[in-house]
Amino acid sequence: MLLIKCPYCEDERPELEFRNAGEAHLVRANPIVDQSDDDFAAFLYFRQNPKGLQFERWRHIHGCGRFFNAVRDSVSDKFLTVYKAGEPKPNVEQLVTRGTTPAEAVVESPAPRTPRTKKAEA
Amino acid sequence: MTNQVHSGSNRISGAGRLTPAKTVRFTFDGQSLTGLEGDTLASALLANGIHLVGRSFKYHRPRGILSAGSEEPNALVDIERDKSRKQPNVRATVQEIYDGLKVKSQNRWPSLTFDVGAINDVFSPMLPAGFYYKTFMWPKFAWKTIYEPKIRAAAGLGVVPGEPDTDRYSNRFAHCDVLVVGAGAAGLAAALSAAATGATVILCDEQPEVGGALRYESDVTIDGAPGYEWATATIARLRAMDNVTVLTRTTAFGYYAQNFVGLAERISDHLSTPAAEMPRERLWQIRAKKVVLATGAIERHMVFANNDRPGVMLASAARMFLNHYGVAIGRKVGVYTANDSAYAAAIDLKRAGIDVPIIVDTRDNPKSAIVEEARSLGIEVLPGHAVFSAGGKRRVSSMLIKPNRGGSERKVAVDAVIVSAGWTPSVHLFSQSRGKVAWDAANERFLPGTYAQDCLSVGACNGTDGLQDVINEAIAAGGSSAEQAGFAGKGTPVSLTATGSASWIGGMIGSAAGAGPDTTVKAFVDFQNDVTAKDVRLAVREGMHSIEHVKRFTTNGMATDQGKTSNLHGLAIAAEALNKPIPAVGLTTFRAPFTPVTFGTIVNHARHDLFDPTRRTPMHAWHAAQGAAFEDVGQWKRAWYYPQAGEDMHAAVNRECVAVRTEAGIFDASTLGKIEVVGPDAAKFLELLYTNPWEKLGVGRLRYGIMLREDGFIYDDGVVGRLAEDRFHVTTTTGGAPRVMNHMEDYLQTEFPHLDVWLTSTTEQWGVIAVQGPRSREIIAPLVEGIDMSNEAMPHMSVREGKICGVPTRLFRMSFTGETGYEINVPADYGQAVWEAIYERGKPLGLTPYGTEAMHILRAEKGYIIVGQDTDGTVTPQDAGLTWAIGKNKTDYVGIRGLLRRDLVTPGRKQLVGLKTVDPKVVLEEGAQIVANPNQPVPMTMIGHVTSSYWSENCGRSIALALVIDGTKRLGETLYVPMPNGVIEVEVTGTVFFDEKGERLNG
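Protein sequence lines, in the order shown, are assigned to chains F and A. Going by the UniProt record's numbering, the first sequence opens with residue 1, and the numbers climb by one from there. Going by the UniProt record's numbering, the second sequence opens with residue 1, and the numbers climb by one from there.
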């Protein structure tokens, strides 16, 4: 059972308190009605499912109830970092070089926005 | 002589550590036997001269005791306390005896000594590895009906108990700084070192006593004391420390992510009469900052013909039985070895007065002091030779010897043979932790290589040789673990001096000289699954080139012992046949559990009432008192129908349905999901979550809302009331409440966080009483205060706040029956009192309680859908005939883009329609398929299916709803429902079967 740090509660809690909520940084277009079929299909269906680092959403459902984002290695299951919904994507290269455990990982300066950026920017 | 009389003829006076006076009586296959307190079943049987303990899995060969530990593949027995507390496949080497223990051997009929199934051994040429993939292929039906049942009956080991387990199991979570697995010399030293700093330490060992190999090593000292004495003194010291928890009889069976380790503690399996409140086993779920693995090494057997004969045993096991239990495994013991460690066993046996005629050593020129010591004791040492077969059937009677390079054969009469092919480091838990093992070519073994978690391996499991080195390594590991857990520089460092050797090096893997490639004899690699060396070679010839394939084809290592003694042998034989180096063939993955864990331990408290929560409505007790039948809806218990004397379900439901339409009915709708949506942007938020428009919904009005997923399909529905400009009372389906709440929170937090809205689940805060029917207003009006309930002041689809029976209420005028009706929300604690007051008042006016079955029928008569029954996650509002519920001028809501998808707007979609059977008495089956032409060949083209179907007493006929391709264009058409008993003719109709104009709603 994984230990997951909730960035709102600022504490590590057992996996049982959380629920995975799929890939992070999917952008719901605005206005969405004008989106092309291909773009909408990509938004609705196509997921990265990488072997390695992935950006994903979690909800601390049996805790504070907040959704947040995480970078996790899909091979080792290890979390590199967690961050609040709406915060920019962390720089993965810096995370990897600076340490592999959540405690060591530090979110550095905001990364430039990529076309498929965060789901929850206010 | 006393102890010989009482505890078996092979008990050696003065040997071992058990107390002769403490005798224990037990039975084996009905035979009454005596052992000593502290005996395992294996040591007690051996003390009584019993080697034949079971029959093998496939060939029913006689089997004895191979080991003295949890790696035992052969000696599996059935232990029965009573009918419900019966445990198959118990390892005799692990089970401790107690007074009254009842043991039965397994997989034999009619008896252990005469077993009819042993015929399999004769026919074994027809049963090679993988035979079931190749034979019994014809005729096709016979596999399921004849071959498989017969094979299953003939093979296998224990029999599962026929009754539910009545034992109790418990569960504990624990955290510690350092978890030490294994309490041998290394584990004890590591625990001592870590504990000295003040760190919290948990030390566990699967055995009842600590010490590991120190329990049989006769010539080592630690800290000046003999090894075992040091171990017992050390564990006493550790137990006395507040920061240490010692768990014996406790197996670390699984190593999971982030140092989460599962332990199974056996609490009462060794007790004669466990106290009633005592659990049988306890599951420990431990989160450790650091883990030290001190799991030791497991001795391998030699692979030669008939190496499975009872009496053939690992050298370390013979030593354990002698030095710890005081039991001689035979009177004349032969030795077959490929390393030094069997010599120590031979010397101990010889010194105990056992005849040890010969040591056969596969090595050409073994040179060490211990070899000379054996010779000096008068044991013949025969280097460069192999045992090519064992004689005897139910007990080994001789060993057949020949030189490795050919020459004359020789036969030596023995009544036991001890074997050692060397030691396999126990890297199971390390491997489970996702650490990568590395091949140590010099010593032909896999050792911990790359670590994946915060753990260290010490001692034999790490390939460390020499007792002093082991102890130094363990002290360093315990200390550094504590240091990294935050105890740097604390306490006094531990140091220990050890003498005597403990070596895990040397030996061989694969089949020995006697079991060469051309032989057809049975030289067993895996005893428990009856896998021989030639089976492994056959697998390679048949094209299995990966060890994972070899394993599955031969089943080598797939038995309950997970190949603890067999994996390396199998791997080496496969590598030899493939002519590849061992690392290139690979090692199979070790998986939890290390040894079998009972279902009881895993399931634990999650049984019966504690398996899943049961949710009951505030009025549950009333329904139960009325004799209601209940149905499970998710975790809820819902009143299904209320049978009166002499009524069956059909009669009760018909009566309830008619009563609602003629007088009135009362229904418990408390299970509906309820969410309070509050805030300045509440209406804006609902605009985005539902297809309907909300901004213009007046305060005090209700609206039926449809919620979609982003893909455009219906996700949930429910009635929403506006209580104030900034406050909505949202209802959801009973089953959908949690996911709708999650869906709303998700969008609010991550897509629309700019909206100022608060969501609160209020499902369990409100008791909901539906009163429906022509007399509903008449019944409740006198109980209501502060609300004008006239049709003009409070029309259909409106909500008012006031009081009922003196209790605050949110009174909804709405209907899921098509009748004039109300849903009365009251605080849950008042639910039953208000219900009872309404029922008292309404009963003389014909008010009838109705359950969920009647509710389903009444709504189907009106064509109201149930999400999840008439929809299945692929139905759009248009498909369900709910286009009217979509706000035409809206520019955004969840699902708006999904509804524009090509496939959702193309003709040919399934649409919800009504079906009337031509014969009105026939009720269709829900889920039945619908075709246009019943005379077409099979497989027919199916154009839809029945989603809801009932007998409607109010309509005097059966009614059904169905999803049919282009259904709305087929109104009036005749379609067909082919069933096993014939084809049913149906007419396609609209979805409303009763009061089509909907006039009764406004009564």
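Every residue, glycine too, gets a C-beta built ideally from N, C-alpha and C. Given the structure is predicted, the values throughout are model-derived calculations rather than measurements.
Could you give the C-beta distance for Asp-717 of chain A and Thr-733 of chain A, rounded to a whole number, given that I count them as a contact under 8 Å? Right, the Cβ-Cβ distance comes to about 7 Å (below 8 Å), so this counts as a contact.
Can you tell me the Cα-Cα spacing of Val-918 of chain A and Ala-625 of chain A, whole angstroms? The straight-line gap from Cα to Cα measures roughly 41 Å.
If you compare alpha carbons, which of A:Gly-182, A:Thr-273, A:Gln-562 is closest to Ala-294 of chain A? Comparing Cα-Cα distances from Ala-294 of chain A to each of A:Gly-182, A:Thr-273, A:Gln-562, the minimum goes to A:Gly-182.
Three or more beta-carbon pairs under 8 Å between the region 18-27 of chain F and the region 43-58 of chain F, yes or no? Yes, since at least three Cβ pairs between the region 18-27 of chain F and the region 43-58 of chain F fall closer than 8 Å, the two stretches touch.
Inter-residue Cα distance where the pair is Ser-501 of chain A and Leu-322 of chain A: The alpha-carbon atoms of Ser-501 of chain A and Leu-322 of chain A are separated by roughly 19 Å.
Going by the DSSP bridge assignment, what does Ser-948 of chain A pair with across the sheet? Bridge partners of Ser-948 of chain A: A:Leu-961.
Unbroken alpha helix (DSSP H) run spanning Glu-853 of chain A, endpoints: Glu-853 of chain A: member of the alpha helix (DSSP H) spanning 852-861, first to last residue.
Does Thr-750 of chain A come within less than 8 Å of chain F when only Cβ atoms are used? It does: the Cβ of Thr-750 of chain A has a partner Cβ on chain F nearer than 8 Å.
Close beta carbons around Glu-12 of chain F, own chain, < 6 Å, minus the five adjacent residues each side: So the qualifying residues of the chain are Leu-3, Lys-5.
What are the boundary residues of the beta strand (DSSP E) that includes Thr-464 of chain A? No beta strand (DSSP E) holds Thr-464 of chain A; DSSP gives it neither H nor E.
Ordered along the chain, which non-local residues of its own chain (more than five positions away) have a Cβ less than 6 Å from that of Thr-248 of chain A? Closer than 6 Å at Cβ, skipping near neighbours: Asp-205, Pro-208.
For Pro-782 of chain A, count neighbouring Cβ atoms within 10 angstroms of its own Cβ and tell me buried if that reaches 16, exposed if not. Around the beta-carbon of Pro-782 of chain A, fewer than 16 other beta-carbon atoms lie within 10 Å, marking it exposed.
Could you tell me if Gln-106 of chain A is buried or exposed, where buried requires 16 or more neighbouring beta carbons within 10 angstroms of its beta carbon? The residue is buried, with at least 16 neighbouring Cβ atoms inside 10 Å.
Is there a Cβ from chain A that is less than 8 Å from the Cβ of Arg-28 of chain F? So yes, Arg-28 of chain F belongs to the interface.
Quick check: the region 793-807 of chain A against the region 587-599 of chain A, are at least 3 beta-carbon pairs closer than 8 Å? With contact defined as three or more Cβ pairs closer than 8 Å, the region 587-599 of chain A and the region 793-807 of chain A are not in contact.
Please give me, in chain order, every unbroken run of the beta strand (DSSP E) with length at least 3 that falls completely inside the region 229-310 of chain A. The qualifying runs are 244-247, 250-256, 260-266, 281-293, 297-300.
For a cutoff of 8 Å on Cβ pairs, would you count Arg-66 of chain F as touching chain A? A Cβ of chain A is located within less than 8 Å of the beta carbon of Arg-66 of chain F.
Is the distance from the Cβ of Arg-591 of chain A to the Cβ of Gln-765 of chain A below 8 Å? The answer is no: Cβ separation not under 8 Å.
Terminal residues of the alpha helix (DSSP H) in which Asn-443 of chain A lies: From DSSP, Asn-443 of chain A is part of no alpha helix (DSSP H); its letter is neither H nor E.
So if I threshold CB-CB distances at 7 Å, which residues from the region 252-271 of chain A count as touching chain F? The region 252-271 of chain A vs chain F, Cβ under 7 Å: Tyr-256, Ala-257, Gln-258, Phe-260.
Cut-off 6 Å between Cβ atoms - residues of its own chain near Ala-659 of chain A, not counting five sequence neighbours on either side: Apart from the 5 residues on each side of it in sequence, Ala-659 of chain A sits with its Cβ closer than 6 Å to the Cβ of Gly-665, Thr-848 in its chain, given in chain order.
Starting from Pro-14 of chain F, follow its DSSP beta bridges and name the residues at the other end. Note: Pro-14 of chain F sits in a beta bridge opposite F:Leu-3.
Contacting positions in the region 868-894 of chain A - beta carbon closer than 7 Å to chain F: Of all residues in the region 868-894 of chain A, the ones placed with a Cβ closer than 7 Å to any Cβ belonging to chain F are Thr-891, Asp-892, in chain order.
Answer yes or no: do Asp-115 of chain A and Arg-55 of chain A have a C-beta to C-beta separation smaller than 8 Å? In this structure, Asp-115 of chain A places its C-beta atom within 8 Å of the C-beta atom of Arg-55 of chain A.
With distance defined between alpha-carbon atoms, name the residue in A:Trp-640, A:Lys-637, A:Leu-429, A:Pro-693 nearest to Thr-589 of chain A. Checked all of A:Trp-640, A:Lys-637, A:Leu-429, A:Pro-693; the closest Cα to Thr-589 of chain A is A:Leu-429.
Within the 8 Å Cβ cut-off, does Asp-711 of chain A reach chain F? Yes, Asp-711 of chain A lies at the interface with chain F (some Cβ there is under 8 Å from its Cβ).
Burial state of Gly-378 of chain A (16 or more Cβ within 10 Å): Taking all protein chains in view, the Cβ of Gly-378 of chain A is surrounded by fewer than 16 other Cβ atoms within 10 Å, so the residue is classified as exposed.
For the pair the region 567-578 of chain A and the region 535-548 of chain A, tell me if three or more CB-CB distances fall below 8 Å. Verdict: yes, contact present.
Which chain F residues sit within Cβ distance under 8 Å of Leu-900 of chain A? Near Leu-900 of chain A (Cβ distances below 8 Å), the residues of chain F are Val-33.
Give me whichever residues DSSP pairs with Arg-172 of chain A in a beta bridge. Beta-bridge pairing by DSSP links Arg-172 of chain A to A:Trp-284.
In angstroms, rounded to a whole number, what distance separates the CA positions of Thr-113 of chain A and Asn-443 of chain A? Their backbone Cα atoms lie some 41 Å apart in a straight line.
Buried versus exposed call for Thr-883 of chain A [16 or more other C-beta atoms within 10 Å across all chains shown]: Thr-883 of chain A is exposed by the Cβ-count criterion.
From the DSSP secondary-structure annotation, give me the bridge partner or partners of residue 1030 of chain A. What is shown of chain A runs 1 to 1003, which leaves residue 1030 of chain A out entirely.
Where Ala-213 of chain A falls: helix, strand or coil (DSSP): Correct three-state label for Ala-213 of chain A: helix.
If you check the beta carbons only, do Ala-488 of chain A and Thr-221 of chain A fall under 8 Å apart? In this structure, the beta-carbon distance from Ala-488 of chain A to Thr-221 of chain A does not fall below 8 Å.
Smallest Cα separation from Arg-703 of chain A: which of A:Pro-613, A:Pro-774, A:Ser-815, A:Glu-745? It is A:Ser-815.
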